[in-house]
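First to last, the protein sequences are chains R and P. For the first sequence, counting from 1, position 301 maps to 301 in this note's numbering; every step adds exactly one. For the second sequence, counting from 1, position 266 maps to 1266 in this note's numbering; every step adds exactly one. Ideal placement from N, C-alpha and C gives every residue a C-beta, glycine not left out. Since we're looking at a predicted model, the values are computed, not measured. Quick notes on the structure that follows.
Number of protein chains: 2
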Amino acid sequence: MTEPLHVEQAAAKLRDADNILILCHKNPDGDTIGCGSALYDALASLGKTAAVLCADPIPRRFRYTQPRLFRGEFEPSLVVAVDVAGLQLFGDTGLMPAYSRRVDLCIDHHAGNNGYAQYTLLDAGAAATAELLCEVIEAMGVEIDPHMADCLYTGLATDTGCFRFANTTAKTHRIAARLIEAGARVEELNTILFATKTRGQMEAERMARSHLEYALDGSCAIIWLDRDEIEASQADPSDLEELTALPIGIEGVKIGLTFRQQPSGSWRVSIRTVKGVDAVAVARRLGGGGHLRAAGCELLGTLDNAKSAVLAEAKAVLEDTSCRES
Amino acid sequence: MTEPLHVEQAAAKLRDADNILILCHKNPDGDTIGCGSALYDALASLGKTAAVLCADPIPRRFRYTQPRLFRGEFEPSLVVAVDVAGLQLFGDTGLMPAYSRRVDLCIDHHAGNNGYAQYTLLDAGAAATAELLCEVIEAMGVEIDPHMADCLYTGLATDTGCFRFANTTAKTHRIAARLIEAGARVEELNTILFATKTRGQMEAERMARSHLEYALDGSCAIIWLDRDEIEASQADPSDLEELTALPIGIEGVKIGLTFRQQPSGSWRVSIRTVKGVDAVAVARRLGGGGHLRAAGCELLGTLDNAKSAVLAEAKAVLEDTSCRES
């Protein structure tokens, strides 16, 4: 069992330690990398030795965060995980397995955090771990400098879709205001994070959109990409994640489906729903899972068979939803 | 010459008046309509008679703002314009011409406001007129209720591209926080304003993207739609404005060009540039104009001729830019 901490207690643990190793989750996003870099900066500003460890390379779009990466150059006396909800999310490449099983402190905002660390600072109401870490850094007595502000803003903005998603609160905006005052380069960051796509992404999006079709009287929209198209687009597979927002963003659509063929040939299905329609219910009988409004599953066989299977579940869920409403 | 006012002075003028007519600009956007509706609510909450007048219908996506529209039912003793930078922006349909030439008070955030009103409250540093009006309403002694908060949030969010654009400041985020606390339905509004496209928009975007091409060694990207495609898409022409953000959003692109054929056959060209590249310079010799990073022009003739003409200017501007940089 983990022991829950408050912001001040977590700040005290960090202030009292030296030789601190910061762990990020695998397939790193803006929040885990932004938090790792900002916490490194804060600890370094107090004269401490620290470094960041991640099982995967830092994506190119986040390279400005420039975390100091751990190469085994010191023996950590405190291991801190940022934005990592469970042990399985650390990954197991390189030095990671040696440290991910002995995490002293976890700072996180995922409601599903399974308490793997000795101490945990968890605020499931925070839109991003960066929102929480901002308070921890201030409680450490560190003034947030422009680079820390860039890193924390990256976490805040990426986890909220630039303040668009339902997790955005008044507090999220107040922290954004503080980070801007601390020197976050909002214009440059928003351009990098939200306004720039690679040619490969544009090409993948063009092909996926060309396959757009509607089903179930327009309450369902479907896009897909087969493995040949994905390869031809030269898009980074992680860049294709954004496609899943397209079908659900069409007027009148209640269930948006994105089919991406995996290198093995199977179809990875991303299910997005509007408020009031249960995405997990669509995925569950197909062996998948997820959240209320974002779920997924993986199906073998042809695209037509995969589409039929998912549409049958989608139809049942929509009928069930309208029964409950009437 | 107009007389400049402070927030408190503008609030006092509104508090002291009755029978107040609120004017919005033509082709209304979220800021002018949001401000019109919020100011109406604030005045009504003080027991005053007021109404909103706009030369064009309220777009469907903003219908939740539900402003009380003026039908000539009272003789205005104070005429207030919100978010209207110049006389030519009022339009001249219906009752508008009778009132747009006698504006008593203008509340606006456009640096180019030409001072047509007797009194003007102008803050060119505000991201939206809603940012400024929020302070005026509070200075009037009115507590912002959930509907006012929805309307003001609409102005703030639409004028900043949901806090993405360069005009977003720490103050913008602080006002957003206050509006959320006052009850703004951020999740619903962001879905309506930013996450929903019509089938027509999707179809127009599919066609425009299918024409994507690169020029000038990848520093220029072009999309286009001819008038037949625009008609076939069934998209509302005002919904095509968003297309202009596509080409400039591609990695490596410095000038993004969108060609839309008008019903008359001519080509309307939208020019978007990255920081440091002058969009007006591309448009100027073609008879167009605009802002530093967003300009436009209209050209007769074939698409190929129009493209050649614009690309020649774009090439000159890029060469000039790289000369200045080196």
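One thing to note: V80/R has its Cβ no nearer than 7 Å to the Cβ of H25/R. Judged by DSSP in its simplified three-state form, A1017/P adopts coil rather than helix or strand. Three or more beta-carbon pairs separated by less than 8 Å are not found between the segment 1150-1158 of chain P and the segment 117-124 of chain R, which leaves the two stretches without contact. In the three-state scheme derived from DSSP, where H, G and I count as helix and E and B as strand, R1178/P is classed as helix.
Contact between Y40/R and A55/R fails: their C-beta atoms lie close to 17 Å from each other, not under 8 Å. When only Cα atoms are considered, A1111/P and T2/R end up about 55 Å apart.
For M96/R, no CB of chain P lies under 7 Å from its own CB, so it is not counted at the interface with that chain.
Between P67/R and G36/R, the CB-CB gap stays under 7 Å. Chain order gives the chain P residues near C162/R as C1162, F1163, R1164, where near means a beta carbon separation below 7 Å. Straight-line measurement puts the Cα of A312/R at about 33 Å from the Cα of R1060/P. Contact of F1259/P with chain R is not assigned, every C-beta pair being separated by 7 Å or more. Sequence-ordered contacts of the segment 172-188 of chain R with chain P read T172, H173, R174, I175, A176, A177, R178, L179, I180, E181, V186, E187, E188 [C-beta pairs closer than 9 Å].
Assignment of G252/R by DSSP, reduced to helix, strand and coil, places it in the coil class. For P1076/P and L1023/P, the gap between their C-alpha atoms comes out near 11 Å. Here the alpha carbon of T1196/P sits roughly 9 Å from the alpha carbon of L246/R. Contact check for L1240/P against A1294/P fails: the beta carbons are separated by 7 Å or more. The criterion of a C-beta distance shorter than 7 Å is satisfied by D1159/P and D1031/P.
Residues of the segment 202-224 of chain R with a C-beta atom less than 9 Å from some C-beta of chain P are M202, E203, E205, R206, R209, S210, L212, Y214, G218, A221, listed in chain order. For D108/R, the enclosing beta strand (DSSP E) has its first and last residue at 105-108. Within the segment 43-91 of chain R, complete beta strand (DSSP E) segments of at least 3 residues are found at 50-53, 78-82, given in chain order. No residue range can be given for C1162/P, since it is assigned to no beta strand (DSSP E) and is classified by DSSP as neither H nor E. Under the DSSP assignment, V136/R falls in the alpha helix (DSSP H) whose first and last residues are 129-139. In this structure, R272/R keeps its C-beta atom at 7 Å or more from the C-beta atom of T302/R.
The way I'd put it, the segment 1246-1262 of chain P does touch the segment 1209-1228 of chain P; three or more beta-carbon pairs between them come closer than 8 Å. At least one CB atom of chain P sits nearer than 7 Å to the CB of E251/R.
In chain order, G1200, E1203, A1204, M1207 place their CB closer than 7 Å to the CB of S1233/P, counting only its own chain and leaving out the 5 sequence neighbours on each side. When 8 Å is used as the limit between beta carbons, A1124/P is near no residue of chain R, the shortest such separation being about 17 Å. DSSP places K1275/P in the coil class of the three-state scheme, outside both helix and strand.
For A1139/P against A1042/P, the beta-carbon gap comes to about 10 Å, at or over 8 Å, which does not count as contact.
A residue is called buried once 16 or more other Cβ atoms fall within 10 Å of its Cβ, and N305/R, having fewer, is exposed. If you draw a 10 Å sphere on the C-beta of H6/R, you find fewer than 16 other C-beta atoms in it, and that means exposed. Inter-residue distance for I1192/P and L1216/P is about 38 Å (C-alpha atoms, whole angstroms).
Beta-bridge partners of R1199/P (DSSP): none assigned. Comparing alpha-carbon positions, the option among A283/R, A279/R, F163/R, P146/R lying closest to A128/R turns out to be F163/R. The criterion of a C-beta distance shorter than 7 Å is not satisfied by V136/R and A117/R. Q9/R carries a helical assignment under DSSP once its states are collapsed to helix, strand and coil.
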